[in-house]
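Protein chains in written order, with UniProt numbering: chain U, 1 to 270; chain R, 1 to 270; chain B, 1 to 270; chain W, 1 to 270.
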């Protein structure tokens, strides 16, 4: 199990969960989502890390929603962590964001497109925070060894998490290769399946990425069955109103039922 | 559950199993493998269909092993079915093989490369036997609807099974897309995961297809977790001595342990 | 240059051309198309082989057009060859078609899906005719060595042609890898680019394969520039009325202009 | 033709060339390479832009060569531009590099992995320099429209160049899809083929990217034949001694012969 301050239920045999809205859209929605997920994960004894992006830096189109302001969004992330006494995670895109974000959250996440950017990984490592690196859609699980190494070269004690979000499959689709879970676990780090972005169908001519949210349970069950250490799920009280990535977020009221089913699969493989 | 004469344990909530050696190499080995698997599947209450190819028609190289003779191999398949009172399956490659093979086995299998060959599908359909169609490595699950339809157009009562064996992923690799399991189940047919051929690494310059048999359990657990109706596993007492596809066959003495773990995953999702 | 009886302009430095309608829809259309292409290729000094399928055996859907009858279609192919004194090519799908088709045409073509079927390749080889093998959408150029070898093992004198028709790229698309042209030429055989089927966009949910015919010239120019020995182009006086593959056939009245431009590219690389 | 100050031969019907070493390894080698290429391109009337990276920010492994120091490398790029009166191009990886690099070069290049990073594109746009955006290995040509738009939204007058460097094809290979050249030209911008990185074979377990430099001419000829506006070629007097990407650089003494052949292909398509 990963060691993170404020992470609960670390004596539970369960997978851990990184979940929350795609973007921090406001204080109330963040606190409301966190409260609901804390209640569910306390009940199911699932170690939980609240996830929210404070800035969306790589949207397809220039005029997409990019955030409510860095300072405000980071302060909300901080408040969520303090209020519920849980760890939080957010993604950074350039090295000079690392120190700033590290003041607000417990885990810095490196986006898949950026997982080879040495300076970004090193800046994250220098904060002393845990680093969650998403596997590039163009990389094998094996080659993520080098990304983890870049962090450990700066901070040998760093907690590194590797997250799979699928591979490019033609121009308009992604496919998850479950062989990558044991491949990345062989480096001695926890491996997470991102059940949200694995279902993206990118490159739509409209510039709005599509998806197939009905398959979230399919992606998640397979991941747990093959031994994934954690899951990453974006969720929203009303995905159709979300300001980004609505196409693949899980409606918040479906989360508990999904997690219950996944806990049973987890028990079956232990 | 599929209905096949001689299929046992059809009242069990378990997945069914198509398993046996890649090729029928001789009478003794076929009977010995069948006996062992019957014992295991009776114990675990898994409906079991014995699998063996009587002819290998699409080996990479011309000088590969292609079989011990059609008549002999088919008579062995027939003997296996009679001796243990279990259904059997074998693959056919041209339409004129359908009638001949149908006299010996209960299920005719259409290789993935040939899943669009209308005449072959129709010839199989005309025998009245069940037809197991492997999904082409170049086809979406959705498009297998048309393959199933070609069989049902000839014989509306035909039992059709669809089997996924992975998708081409570059030249030297295959990747399993688990979204195809629910996609093909939506046609109202049972869907099987081929845990053996999904792990092939084709196009080796040597003309000998490689593989990663250590991942058989990974492929199988994910399939059961997402609700696959059946599994296809090639197994051999000594894969290193097998006359074809040794690179990916499961050692027979590992089968029971694997199935026990899979039965637990199955129970967790029901 | 390949040696085929009746092949003209073999002293020309040009690429050769396999062209005609997708399917033989009738006697008049076949003769009319052949006459037009013979006139153009005589003028441009392009060695020409008339192409037409006598049977469509692997259509996506069972109720697609499959032909006007084998005997009639083959007799029309024979008449085209005799009338214009040109070689002809048609595709076969099962081994028992080889001898029959060989009576009518000069080149037997093996479809891409079937390029690993040993018996089919051997049956084609035994006719003594030239054999044009399409590269499977799932195979590297390098691995086509084994397909050519299967023919040469039966008939060491056989003229073997290898044709590239693109690689699977996700579920709904194909991509041509031009590295395969020199890779396959390294076996000492002529290599052809299929400019028609390389543009297919398969797996449409409708069961009707789409395409992008505006890109035929793009595919062809690149092939000639990298040194392809021949081109394969399906053409029809009115593709929108064609009974199969209309989505990618070149309108016949555009063929001359395209070939003129390609001859100039050919001259530039010699 | 793109308009860039110091770009010569813009009245020539030729493609333009971005070429130079992968990384600026030192002053002498940079000047020596530039001099040789200027001589060749003046003779062949090819508009020429000198290319060199001042920092390698996304090497596979942490301990790879990353540069001789930003200030020194940029001053050498500046000196090359001044000495030979030619435009220069270098790549940037984070927004705060844009202004600094813009003082030394005429074109800012956005790496393929980073082509969706809105802030980076905007920072490049704000310098007023031309921006060369490499197409992500995971993106269709069509979707690069949004990348170009992000630059033009900041600076409507910006010269934008789009460069194709191939698509992910499985884990260990890239394939060039030549359909992307006309697709990207349809946005009204010049399109370049990167003949060096298109041949990479990434994800080697060693962490050292491989390649097939013998195919540089194949990639380049196809690109010119389909109408590419420019070529990008990394070249080095002795690739085996280069400090990065040696696996795919063209030996400098082969450049003139290659360009002569390409000029002939260009003439054939005009």
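Backbone N, C-alpha and C fix where the C-beta goes; we use that ideal spot for every residue, glycine too.
| Check | Outcome |
| --- | --- |
| Where the stretch 169–185 of chain R meets chain W: residues whose CB sits under 8 Å from a CB there | 169, 170, 171, 172 and 173 |
| Whole-number beta carbon distance between residue 176/W and residue 225/W, since they are thought to touch under 8 Å | Between residue 176/W and residue 225/W the Cβ distance is about 13 Å, and since that is not below 8 Å, they are no contact. |
| In DSSP terms, what residue 218/R is bridged to | Note: residue 218/R sits in no beta bridge, so no partner. |
| Residue nearest to residue 21/B in terms of C-alpha spacing, selected from 261/B, 147/B, 128/B and 241/B | 241/B |
| Under 8 Å by beta carbon: chain B residues contacting residue 71/R | Residues of chain B passing the Cβ test: none, with the nearest at roughly 16 Å. |
| Delimiting residues of the alpha helix (DSSP H) encompassing residue 121/W | 118–126 |
| Through-space distance from residue 92/U to residue 274/W, alpha-carbon basis | Residue 274/W lies beyond the stretch modelled for chain W, which goes from 1 to 270, so this question has no answer here. |
| Segments assigned alpha helix (DSSP H), at least 4 residues, entirely inside the stretch 216–268 of chain U | 216–225 |
| Span separating the alpha-carbon of residue 256/W from that of residue 15/W | 14 Å |
| Closer than 7 Å at the beta carbon, the chain W residues around residue 138/U | 137, 138 and 168 |
| Where residue 80/R falls: helix, strand or coil (DSSP) | helix |
| Terminal residues of the beta strand (DSSP E) in which residue 109/U lies | 107–110 |
| Outcome for residue 254/B when other beta-carbon atoms lying within 10 angstroms are tallied against a minimum of 16 | exposed |
| Selected residue, minimal CA-CA separation from residue 230/U, among 43/U, 134/U and 36/U | 134/U |
| Below-8 Å beta-carbon distance, residue 113/B vs any chain R residue | yes |
| Same chain, Cβ closer than 7 Å to residue 127/R, five either side skipped, listed in chain order | 98, 99, 102 and 108 |
| CB of residue 295/U within 8 Å of CB of residue 76/U, strictly | Residue 295/U lies beyond the stretch modelled for chain U, which goes from 1 to 270, so this question has no answer here. |
| Under the three-state DSSP convention, the category residue 16/W falls into | strand |
| C-alpha distance - residue 155/R paired with residue 4/R, whole-angstrom precision | 16 Å |
| Under 7 Å from the C-beta of residue 95/U: neighbouring residues of chain W | 94 |
| Cross-strand partners of residue 193/W (DSSP beta bridge) | 164/W and 231/W |
| Residue 49/W versus residue 148/W: straight-line alpha-carbon distance, rounded | 20 Å |
| Pairwise C-alpha distance: residue 2/R and residue 282/R | Because chain R in this structure spans residues 1 to 270, residue 282/R falls outside the shown range and cannot be described. |
| Straight-line gap, residue 139/U to residue 215/R (C-alpha atoms, nearest Å) | 19 Å |
| Minimum Cβ-Cβ distance from residue 30/R to chain B less than 8 Å | no |
| Min CB distance residue 215/R to chain U below 8 Å | yes |
| Helix, strand or coil at residue 270/R according to DSSP, with G and I counted as helix | coil |
| Beta-carbon proximity list for residue 219/R, same chain, < 7 Å, skipping 5 on both sides | 176, 193, 195, 198 and 199 |
| Contact check, residue 7/U vs residue 113/W, beta carbons under 8 Å | no |
| Nearest-angstrom Cα separation, counted from residue 212/W out to residue 239/W | 13 Å |
| Contact set between the stretch 221–251 of chain R and chain B, restricted to residues whose Cβ is under 9 Å from the partner | none |
| Partner residues on chain R for residue 58/B, Cβ-Cβ distance less than 8 Å | 116, 117 and 118 |
| Cα-Cα separation between residue 186/U and residue 161/U, rounded to whole angstroms | 12 Å |
| Residue 132/B, enclosing beta strand (DSSP E) - first and last residue | 130–134 |
| Contact under 8 Å by Cβ, residue 80/W with residue 31/W | yes |
| Option in 116/B, 64/B and 78/B with minimal Cα separation from residue 52/B | 78/B |
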